[in-house]
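Heads up: the sequence lines are chains A and B, in that order. Sequential numbering of the first sequence, starting at 12, is according to the numbering used here. Sequential numbering of the second sequence, starting at 50, is according to the numbering used here. By construction, the Cβ of each residue, glycine as well, lies at the ideal position given by its N, Cα and C atoms. All values derive from a computational prediction rather than experimental measurement. A short write-up of the structure that comes next.
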Amino acid sequence: MHTVIIIGGGPAGCEAAYQLASDGIQVHLIEKNNETGGNLNNWYQLFPDRKNAQDLNKRLQEQLNHPGITLHLGMEPSRVEKDGQGRFSVSLSDGSLLEGDALLVATGFKTFDAKRKEEYGYGIYENVVTSVDLENMFRNHAIRTSKGDVPRRIGIIHCVGSRDEKVCNFHCSKLCCITGVKQAIELREMLPESEIFCFYMDMRMFGPGYEEMYREAQEKYNIKFIRGRLSEAAENREHQVQVKVEDTLLGRPLRVTLDLMVLLVGMEASNETQGMARELGVKLAPSGFILPLDPHYGNNLTGEKGVFITGCCSAPMNLTDTLNDARSAAVCITRYLNMK
Amino acid sequence: MNFWGFNISETRSINYDTNDKDMLIHVLQEVPSCKLCIECGGCTAGCTAGRLTSFNIRKLQMFMKRGENKEIREELHKCMLCGKCILVCPRGVDTRKMILSMMKYIKNNQK
Chain A
12 MHTVIIIGGG PAGCEAAYQL ASDGIQVHLI EKNNETGGNL NNWYQLFPDR
62 KNAQDLNKRL QEQLNHPGIT LHLGMEPSRV EKDGQGRFSV SLSDGSLLEG
112 DALLVATGFK TFDAKRKEEY GYGIYENVVT SVDLENMFRN HAIRTSKGDV
162 PRRIGIIHCV GSRDEKVCNF HCSKLCCITG VKQAIELREM LPESEIFCFY
212 MDMRMFGPGY EEMYREAQEK YNIKFIRGRL SEAAENREHQ VQVKVEDTLL
262 GRPLRVTLDL MVLLVGMEAS NETQGMAREL GVKLAPSGFI LPLDPHYGNN
312 LTGEKGVFIT GCCSAPMNLT DTLNDARSAA VCITRYLNMK
Chain B
50 MNFWGFNISE TRSINYDTND KDMLIHVLQE VPSCKLCIEC GGCTAGCTAG
100 RLTSFNIRKL QMFMKRGENK EIREELHKCM LCGKCILVCP RGVDTRKMIL
150 SMMKYIKNNQ K
């Protein structure tokens, strides 16, 4: 019987573990935190169907009860070695040793640290929050300014840490646009009287139902979309945030005062993704994510034999694509093991 | 008494905080489809008036949404109400009704 070691227990790692175990393969799933789910643990509702994120999380967790899966929670791989026969041995932080016939890297992404974009004032001004902070506010059903008031005017800033040479990120994080639309709708439902803006460069509605959701945000929820990139924000004496953008479709500068500013933080390869790439000698793309062997035929393959990748360690992906990618990785690994 | 021949330039900046959005409220009530504009410019590309004058219907409705009503007062009469813009709009904005609603608002609120 073959054994596969999966590093990372986010949605990709969990789904791949279940698919492999269902194919009769022994799976070791290593997760650094004390619970699986990864970044999904920070989310309130999912686009496009507004499903509760924790429902999906629970489903993925339940799948891990499969007898073929051994969970290693609160563990990190301290060393990974490959022998001449293509077998991997992974030393864990508690000193134990795992052996496997293939390795699946599912170490995912991290959200952009908004403090690096200092001119937006995150961590400096009181009423600037990130999209991750906002998800947390949604879960607590409390959207308030720092003074505890209902924000009457809210601005959502797209592309924070994405498509920005100044923070060394050329790539598009892809999901922030639709996250912004989703969060604007959620804000409207909780605060029917507030004015809600999205400041965007492009609206990239790539998934099924996304464009429809964007239209609904305009038609039903009266969200106002202004094309223009925030250059910098300032705080006034009332701790409101004053923003200046170019209203690029009018060709005129625009000033507006916001009670709450939400930064849609982009995605970067997690530290663990970069660490695993170094450890395994796997190539990184200029974006910092792991470079797949081929963008069409080898999404889950790396240059290293027996080392597979899945989920957001290779590129920003929504959950639909992440779960598909995990299933695709399982197929690749099963085929590889059968040929061994 | 402009002795030196210089003036302080008026700001070109749109001040959303202080601008008057009353016309917008009126037009949105009469023509809710206005909210659906994605600024593609299809209306303006085929516009009969825009071919001959500075009339830009896409910009006009954007000015209204920002509360910059001065431009609208100056430009609105150039529209010939031919309705080609309605035929081309991918979001189904009733552009001609929007123009008529703006005209009505201006007529009723002459200052």
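- Counted as a single uninterrupted DSSP element, the beta strand (DSSP E) harbouring residue 278 of chain A occupies residues 278 to 280.
- DSSP, reduced to helix, strand and coil, places residue 44 of chain A outside both helices and strands of the structure shown, so it counts as coil.
- At a cut-off of 8 Å between beta carbons, residue 58 of chain B makes no contact with chain A.
- In the same chain as residue 178 of chain A, and ignoring 5 residues on each side of it, the C-beta atoms closer than 8 Å to its own belong to 123, 127, 128 and 172, in chain order.
- The beta carbon of residue 104 of chain B lies closer than 8 Å to those of 96, 98, 124, 127 and 128 in the same chain, with the five residues before and after it left out.
- DSSP places residue 88 of chain A in the uninterrupted beta strand (DSSP E) bounded by 88 to 93.
- Proximity of chain B to residue 260 of chain A at the Cβ level (cut-off 7 Å) is accounted for by 88 and 111, in chain order.
- Annotation for residue 65 of chain B: 115 and 116 place their beta carbon closer than 8 Å to its own, counting only its chain and skipping 5 residues before and after.
- By the Cβ neighbour-count rule, residue 276 of chain A is buried, with 16 or more other Cβ atoms within 10 Å of its own.
- Neighbours of residue 66 of chain B across chain A, judged by C-beta separation under 8 Å: 266, 267 and 268.
- Spanning the alpha carbons of residue 100 of chain A and residue 109 of chain A requires a straight line of approximately 6 Å.
- Close partners of residue 73 of chain B in chain A (Cβ separation under 7 Å) are lacking, with about 10 Å as the shortest Cβ gap.
- The three-state reading of DSSP puts residue 137 of chain B in helix, counting H, G and I together.
- Along the segment 217 to 232 of chain A, the positions whose C-beta sits under 8 Å from a C-beta of chain B are 226, 229 and 230, read in chain order.
- As for any alpha helix (DSSP H) of minimum length 4 sitting wholly inside the segment 63 to 89 of chain B, the runs are 71 to 79, ordered along the chain.
- For the segment 103 to 159 of chain A, the full-length alpha helix (DSSP H) segments reaching 4 residues or more read 142 to 150 along the chain.
- Residues of chain A whose Cβ lies closer than 9 Å to the Cβ of residue 63 of chain B are, in chain order, 258, 261, 263, 264, 265, 266 and 267.
- Of all C-beta pairs linking the segment 157 to 174 of chain A to the segment 199 to 218 of chain A, three or more are shorter than 8 Å, placing the two stretches in contact.
- The beta-bridge partner set that DSSP reports for residue 253 of chain A consists of A/245 and A/268.
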